[in-house]
Amino acid sequence: MEITFLGTSSAVPSKYRNHPAIALKAFGEIMLFDCGEATQRQLANVKISPMKIDKIFISHFHGDHILGLPGIIQSMGFRGRMEDNPLHIYGPVGLSNVKEAIFNLGYFAVDFPIIIHEIDNNGSKIETVVETEEYVIECIKTHHNVVNLSYSVHEKKKPRFLREKAMELGVKPGPDFGKLHKGIDVEVDGKIIKPEEVLGPPRIGSKIVYSGDTTPCEEMIELAKCADILIHESTYKDEDSEKAINNAHSTSSQVAEIAKQANVSKLILTHISTRYTNIDDLKEEALKIFENTEVAHDFMNIKL
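Next up, the structure:
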């Protein structure tokens, strides 16, 4: 799993920080989480082709999180994306209206399907958004001044294949190894070999959590529980906590407390207000509560 930060500013971009967007390379796919203005240019800077993006997850409908969608969709069309390569976009209820607005902007045509998935999560429970054999993506509604969905990506890690045990049972290296590892019985000399005979104990896969915009809340702690990486908005310093309350955002210390309570391995602060020229202060505030903290910057890359 590889995370690339394409934009790490809050509502207003700066010379050094673009609007929010994160690219995740994993499971043979590239996914986007939020798509702020100029995201497609940021993708070009890190040599990620938008043609390879199949899924985009939108946290909420504030402009700094969605205004890159019209450009990236039009560029996909200009570059010849075809009907057999649909784009799936996930987000809160109202996403269909966003799609309609995009298609009313100027004159352009696309020859590929854009499939909208509106997530009607109005409670405090975690909901599954996408599930495959390799991963599950979940979300929960967190606390902002508009509906905001926070997302988690959890790898389904297969148990370790016990090669020597399989060979002891008469299984020969080859296709039968793969079948057993996938959970499929195989027959050897008239005897059925079951996967549980040659697989180790369950293993916990990597987990990445992205907050979108939110005030501190129990829902965020629940979603982030035991995550390898928590990417959380940290718009304000502690001294501006009143602004954080008024604008439904979080301060660095509040975010660190969430990371501590959720027992995450690493915290990354993002969505930084351009009012701050020295981001070390935000990091220092968080470090007092949670030791393994970093502040994201545009084009920062992390591999799990």
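Residues in the sequence shown are numbered consecutively from 252, following the numbering used here.
Glycine is no exception: its CB is placed at the ideal position from the N, C-alpha and C atoms.
Given a cut-off of 8 Å, decide if residue j and residue i are closer than it, judged by their beta-carbon atoms.
{"i": "Glu410", "j": "Leu431", "result": "Reading off the sequence, residue 410 comes out as Pro, not Glu. No."}
{"i": "His311", "j": "Gly425", "result": "no"}
{"i": "Pro452", "j": "Ile509", "result": "no"}
{"i": "Ile304", "j": "Leu318", "result": "no"}
{"i": "Leu481", "j": "Val515", "result": "yes"}
{"i": "Met252", "j": "Ala277", "result": "yes"}
{"i": "Ile370", "j": "Glu382", "result": "no"}
{"i": "Ser524", "j": "Val506", "result": "no"}
{"i": "Val422", "j": "Val437", "result": "yes"}
With burial defined as no fewer than 16 other Cβ atoms inside 10 Å of the residue's Cβ, what is the status of residue i: buried or exposed?
{"i": "Ser260", "result": "buried"}
{"i": "Gly331", "result": "exposed"}
{"i": "Asn399", "result": "buried"}
{"i": "Met418", "result": "exposed"}
{"i": "Val380", "result": "buried"}
{"i": "Asn373", "result": "exposed"}
{"i": "Leu356", "result": "exposed"}
{"i": "Phe541", "result": "buried"}
{"i": "Thr557", "result": "Outside the shown range of the chain, which is 252 to 555, sits residue 557, and nothing can be said about it."}
{"i": "Thr528", "result": "exposed"}
{"i": "Ile443", "result": "exposed"}
So, for residue i: in the same chain, excluding its five sequence neighbours on each side, which residues have a beta-carbon less than 7 Å away from its beta-carbon?
{"i": "Asn269", "result": "Leu257, Gly258, Ser260, Gly287, Ala289, Gln293, Asp549"}
Quick one: residues in its chain with C-beta nearer than 6 Å to the C-beta of residue i, no 5 flanking neighbours on either side, listed in chain order?
{"i": "Ile299", "result": "Ala274"}
{"i": "Ile367", "result": "Ile340, Leu346, Ser347, Lys350"}
{"i": "Glu470", "result": "Ser375, Ile391, Thr393"}
For residue i, which residues in the same chain have their Cβ closer than 8 Å to its Cβ, ignoring the five residues on either side in sequence?
{"i": "Lys534", "result": "Ser503, Leu520, Thr544, Glu545, Val546"}
Below 7 Å, is the gap between the Cβ of residue i and the nearest heavy atom of the ligand SAH?
{"i": "Asp532", "result": "Judged by which ligands are present, the structure shown has none, so any question about the ligand SAH falls away."}
Q: Kindly provide the ranges of any alpha helix (DSSP H) runs that are 4 or more residues long and lie completely inside the segment 393–468, ordered along the chain.
A: 414–419, 426–432
Q: Pick out the complete alpha helix (DSSP H) segments inside the segment 290–371, 4 residues or longer, and give them in chain order.
A: 290–296, 314–317, 320–329, 346–354
Q | In chain order, each alpha helix (DSSP H) run of at least 4 residues that lies wholly inside the segment 478–526 | A | 492–498, 503–513
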